[in-house]
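**Q** Okay, so the sequence shown: first residue is 1 according to UniProt numbering, each after it adds one.
Got a structure for you, written out below as structure tokens; questions coming shortly.
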Amino acid sequence: MAYQTRGRDPLLDSNMSEAIEKRGKELLGVVLVVLGVMAAMMIGSYTPDDPNWMLATDAPAQNWLGRMGASLAAPLFMIVGWGAWGLAAVLLVWGLRFVLHRGQERAMSRAIFAPIAVAFGAIYAATLTPGSEWLETHSFGLGGLFGDTVMGVILTVLPIGSTFTIKLMSLLMGVGIVIFGAFVLGFTRVELTRFGRFLLVGTIMAYATLMTVLGRGASGAVGAAQTLQAKQAERRAQREAYAAEQAAYTQAEAQAAAQVQPAMAAEAARRPAIIASRAMPIPDPEPLIEEDPYWEDAPLPEAEPKAGLLSRMPSLIKRAPDPMPEPELVVAEAPDFTPHGDDVPDTDRIKSKISDVIRNRVRTTNAVHTATTAPLTRGRGRGPDPLVLNTTRAEPPLTAAAAAPRPVEPPLTAQIAVPPAPAAPQPVAKVSFDPAPVVEEDEANIFLDSPMEEAAPIAEAPRKPLVADAPRKPVVKQPARNPVKPSKQAQTEAQPTLSFDDTHPGFELPPLALLESPESVPRLQLSNEALEENARMLETVLDDYGVKGEIVAVRPGPVVTMYELEPAPGLKASRVIGLADDIARSMAALSARVSTVPGRSVIGIELPNENREKVVLREILASRDFGDGNQRLPLALGKDIGGEPVVANLAKMPHLLIAGTTGSGKSVAINTMILSLLYKLSPEECRMIMIDPKMLELSVYDGIPHLLSPVVTDPKKALVALKWTVGEMEDRYRKMSKMGVRNIEGYNGRVAEALAKGENFERTVQTGFDEDTGEPIFETEENTPVKLPYIVVIVDEMADLMMVAGKEIEACIQRLAQMARASGIHLIMATQRPSVDVITGTIKANFPTRISFQVTSKIDSRTILGEMGAEQLLGMGDMLYMAGGSKIVRCHGPFVSDEEVEEIVNHLKQFGEPDYVSGVVEGPPEEKEADLDAVLGLNTGGNTDGEDALYDTAVQVVIKDRKCSTSYIQRKLAIGYNKAARLVEQMEDEGLVSPANHVGKREILVPEQG
């Protein structure tokens, strides 16, 4: 039986499937566009100095995509160069095609050739000439290694000139990459045709629009010029009409004034002092504002001329400014002007009326009661409230500009109350005048003396002084820095003169002008107020941690400022020293160093300055302490906390040990020490041996005449150089012993005397005895006197030498450190690893003078200095200098650039080649080398007579007792464990005993004696 199955409907219909497919392609397109934009950003912001797989640096990445972008861009550029832009173009174009649904069906068949397009782009970029910046930072061309390789093969295969080939290849590859790029990007012939038409039409339209704009601009410019010319002509006509109108108005005003003046004089004589009998009409009443004397300093607005003079009555009664020009009458607009009318007041009448009112009030007043004076307020002057007069000086009268000056009115000494003004009368003639500038008045007195009556002066109660605590005397005073006294060399170079004597014939010390001038360094100095504020803040911080004390002095310096704390009785210094990190955190400082001040009862707290001052080497070398000092081997260490130069004498140290981390300024300090010696001593006075295992720091000095050998960079040759130095020390001691002197200074003094007299050294030496008579035989030795120069051995990195031959290096250093001082040989040794395996106890014991730069931990600080504090330094030349195992001084080392070092080296090389000693790097003869090894205790084979007898005794004990072990030999012979172990090993080597078995027992191989 057959069953008919009904066909099932699909889960999604065709429309839904098509929509989902479109959305998926659009999402894919968005992803490709984002990736393309990121690739473009990554390639566009590529910088060869960014950290990547092939360059390890701590500098921040400049790439817009950070370290990830830099790590991807670097290998991409190394492989294909600028051809990497093809990758970004492919992603962007195909992403847009998927988003816009334009040609996405050609994606798989076209985009698969994208690597070939990128390769073509690299080859095309390789044909281009890179710029100088690219060549400085890259070892390949613009096309990367791939492009350079392909171009090299093509230039080798094609039998054409390289220049023509490159130009031809550039042209062909440019055309080819355009065509092939269009194919890879999915463009068809129709799309290219449309794109070409679009570009053509766009170009034509842009050209037409530009020409239209230029045409309109030209026509508009012509119209604007014509309009401007017309406006200028119109303005010129208006100015001429206005000038004519002003001239006519001035003439009419003069005629009216000539007619009014006689009538006003007659009216003033006929009607005196009527203003006291009736109220004065005010044509333009305005609110009367009483002035507050405390507001007189405020600037007053410049008032416009009012319609009449009566409207200014309140201000005229209160006070008048400095002499003003008398108001001028203006012709009224009304044609019928009556000069004798009662309603037309003039200035003379107004002045006379005001004077009469003041005189009448003064006569009727017996005394001035100041207690009833109303307070001055800024209220209105209307109604029953009087207008209070408060004058402080004589009121000058209003004077006319053309009239003669009038006598000054008597001063006002009373308060005048003006009755309220009635309603405004009929319009009167306008009086205009120019306001004078407001002059500030002195408010020392309220009333002035009057010739009529004197008002009693107001006795002002003396103010009680405020009781305040006596201000605390500031402890901070900016100590004036003593100017550095220049040396003779600095003065000579500043004022050059003719010099006829040559201290070093054929050699000239380097001039100071080769170094950077200290005048170019900005000097920063804190004010006393800022130092006082910091001191009080530091006291507060210490009080928060329970440290009681007072900041008694502040000593600012170029890099740090030291605050001297006077602790409270019973406070331990170690407690304050342990708070260094907490003090730095509370004071928002990079670090803080706390230590005791030698010879004083205070504790020094050193905090870094906000702005660090640069210390230059020239300032120290030009000082009198360095140039005119009597140090044999001066070293310019830098400046102390107070900014004073610090110059040390290597001959008194006698050896120097330097330690500090990488970047703390250790190598710069070594350079400054070397330059200090080069600026002070000639090659006849000082010779140097430079050992630089790092092969970078001291190689610049190779070839200067002060060197005994080329700069030693091989650690094995460094050991040879140190052994030669030990041998030289032994030879010098023999010479000095024959001369009967104790040090190199005495020897050179004897040599100088002998050379001055023209003599040789003679010495009688016993060579043996006569066989016949038995008397001693003497011979005379003659030696040519030769001065011995100082020898300075400089080792830049001691840790590398200790790793190669630690025992031998330590033995040489110990021998030199113990004995080389008197012979004029001195060591300067530096290391960036101040650990106990490098700076051993033997080395520390023989190097009492040490310098520590910034270290990483307190343990390293204790290793080099014996105490903490070096971990709190700031780096960049900040150091702690321990002189002779005593007090520790903080210094700031000077900075010297590579350019300055090169200029000084070039100056020294002008005076000839150095006189090298071959034995420094080649080593002494074999017989002398054996003697040196014996002196240094480096003999590895053979036994002495004592050891041979001890060995024979040990062999007899073993054969007799038939036992052999290290502890057994140690007990039987009462010797040390190491010596007993050596004897057992020697017996094993000679076949007397067998090697130890698994339990440590040995068999006696010598047969037992019967």
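Built from N, CA and C at the ideal position, the CB exists for glycine as well.
Just so it is clear, the structure is predicted and the values come from calculations on it, not from any experiment.
Using only the heavy atoms of the ligand ATP, determine whether one of them is closer than 8 Å to the beta carbon of Lys972.
**A** The ligand ATP is not part of the structure shown, which contains no ligands of any sort.
**Q** What does a CB cutoff of less than 7 Å around Ile43 pick up in its chain, not counting 5 residues either side in sequence?
**A** Contacts found: Ala73, Ala84, Trp85, Ala88.
**Q** Find the nearest neighbour of Lys979 within the set Ser994, Ala954, Ser71, judged by alpha-carbon distance.
**A** Comparing Cα positions, the closest option is Ala954.
**Q** Examine the Cβ distances between the region 65-72 and the region 47-54 and report whether three or more of them are shorter than 8 Å.
**A** The region 65-72, when compared against the region 47-54, does touch it at the 8 Å Cβ threshold.
**Q** Pick helix, strand or coil for residue 1022, following the three-state DSSP scheme.
**A** The structure shown has nothing for residue 1022, since the chain only spans 1 to 1010.
**Q** Excluding the 5 residues preceding and the 5 following Lys858 in the sequence, name in chain order all residues of the same chain whose CB lies nearer than 8 Å to its CB.
**A** Cβ neighbours of Lys858 beyond the five flanking positions: Met868, Glu871.
**Q** Classify Leu228 as buried or exposed, calling it buried when 16 or more other Cβ atoms lie within 10 Å of its own Cβ.
**A** Its Cβ having fewer than 16 others within 10 Å, Leu228 is exposed.
**Q** If you follow the alpha helix (DSSP H) that Ala811 is in, where does it begin and where does it stop?
**A** Per DSSP, Ala811 belongs to the alpha helix (DSSP H) from 798-819.
**Q** I'd like to know whether the C-beta atoms of Arg815 and Leu936 end up nearer to each other than 9 Å.
**A** Yes; because the gap between Cβ atoms is below 9 Å, this pair is in contact.
**Q** Just the Cα atoms here: how many angstroms apart are Leu96 and Phe113?
**A** Cα-Cα distance, rounded: 18 Å.
**Q** Between the alpha carbons of Gly1000 and Glu810, how many angstroms are there, rounded?
**A** Going by the C-alpha atoms only, they are around 34 Å apart.
**Q** Should Asp581 go down as buried or exposed, given a rule of 16 or more other Cβ atoms within 10 Å for buried?
**A** Burial call: exposed.
**Q** Compute the Euclidean distance between the alpha carbons of Asp342 and Ala256, then round it to the nearest angstrom.
**A** Legend: pLDDT at Asp342 = 45, less than 50; position of this residue unreliable, no value from coordinates given.
**Q** Do Met882 and Leu637 have their CB atoms nearer than 9 Å?
**A** Not in contact: Met882 and Leu637 (Cβ atoms no closer than 9 Å).
**Q** Just verifying my parser: in three-state terms, what is the DSSP assignment at Thr831?
**A** The answer is strand: DSSP assigns Thr831 an E or B state.
**Q** Quick one: any contact between the region 754-762 and the region 783-803, if contact means 3 or more CB pairs under 8 Å?
**A** The answer is yes - the region 783-803 touches the region 754-762, with three or more Cβ pairs under 8 Å.
**Q** So, with DSSP's three-state summary, where would you put Glu685?
**A** If DSSP states are grouped into helix, strand and coil, Glu685 belongs with coil.
**Q** Could you pull out every residue in the same chain whose Cβ sits closer than 8 Å to the Cβ of Ala117, ignoring the five residues on either side in sequence?
**A** Taken in chain order, the residues that qualify are Gly86, Val90, Ile177, Phe180, Gly181, Val184.
**Q** Nearest to Glu610 by CA position, among Arg632, Val602, Ala589, Cys891, is which residue?
**A** Of the candidates Arg632, Val602, Ala589, Cys891, the one whose C-alpha sits nearest the C-alpha of Glu610 is Ala589.
**Q** Rounded to the nearest angstrom, how far is the Cβ of Ile704 from that of Gly824, given a contact under 8 Å?
**A** The Cβ separation is near 19 Å, so there is no contact.
**Q** Could you give the residue range of the alpha helix (DSSP H) that holds Thr780?
**A** Segment 776-783 is the beta strand (DSSP E) holding Thr780; no alpha helix (DSSP H) there.
**Q** What distance in whole Å lies between the Cβ atoms of Thr661 and Gln832, which are believed to be in contact at a cut-off of 8 Å?
**A** The pair is a contact, with the Cβ atoms about 6 Å apart (cut-off 8 Å).
**Q** In three-state terms, what does DSSP make of Lys887?
**A** Reduced to three states, the DSSP call for Lys887 is coil.
**Q** Could you spell out the range, first to last residue, of the alpha helix (DSSP H) harbouring Asp581?
**A** Residues 580-586.
**Q** If I measure Cβ to Cβ from Glu990 and keep anything under 7 Å in the same chain, skipping five residues before and after, which residues do I get?
**A** Contacts found: none.
**Q** At the level of alpha carbons, what is the spacing between Thr198 and Arg189?
**A** Sequence inspection shows Phe at residue 198; the Thr mentioned does not correspond to that position. Those two C-alpha atoms are separated by around 14 Å.
**Q** Report yes if the CB atom of Val602 is closer than 9 Å to the CB atom of Leu542, and no otherwise.
**A** No, they are not a contact pair.
**Q** Check Gly869 in the structure and name its three-state DSSP category.
**A** Coil, per DSSP.
**Q** Under 9 Å, do Leu28 and Leu92 count as touching if we go by C-beta distance?
**A** Not in contact: Leu28 and Leu92 (Cβ atoms no closer than 9 Å).
**Q** What does the alpha-carbon distance come out to for the pair Leu524 and Pro558?
**A** Roughly 8 Å between the two C-alpha positions.
**Q** Would you tell me roughly how many angstroms separate the C-alpha atoms of residue 1013 and Asp731, rounded to the nearest one?
**A** In the structure as shown, the chain starts at 1 and stops at 1010, and residue 1013 therefore has no counterpart that could be examined.
**Q** Out of curiosity, what's the CA-to-CA distance linking Ala126 and Thr203?
**A** Near 32 Å, if we compare the C-alpha coordinates of Thr203 and Ala126.
**Q** Can Tyr701 and Ile674 be called in contact, C-beta distance under 9 Å?
**A** A contact, by the Cβ cut-off of 9 Å.
**Q** Residue range of the alpha helix (DSSP H) that Pro715 falls in?
**A** That run of the alpha helix (DSSP H) goes 715-739.
**Q** Output the boundary residues of the alpha helix (DSSP H) element that contains Glu745.
**A** Glu745 -> alpha helix (DSSP H) spans 744-757.
**Q** Tell me whether the region 509-516 and the region 895-903 touch, counting them as touching only if at least three CB pairs, one residue from each stretch, are closer than 8 Å.
**A** Judged by Cβ distances under 8 Å, the region 509-516 makes contact with the region 895-903, as three or more pairs qualify.
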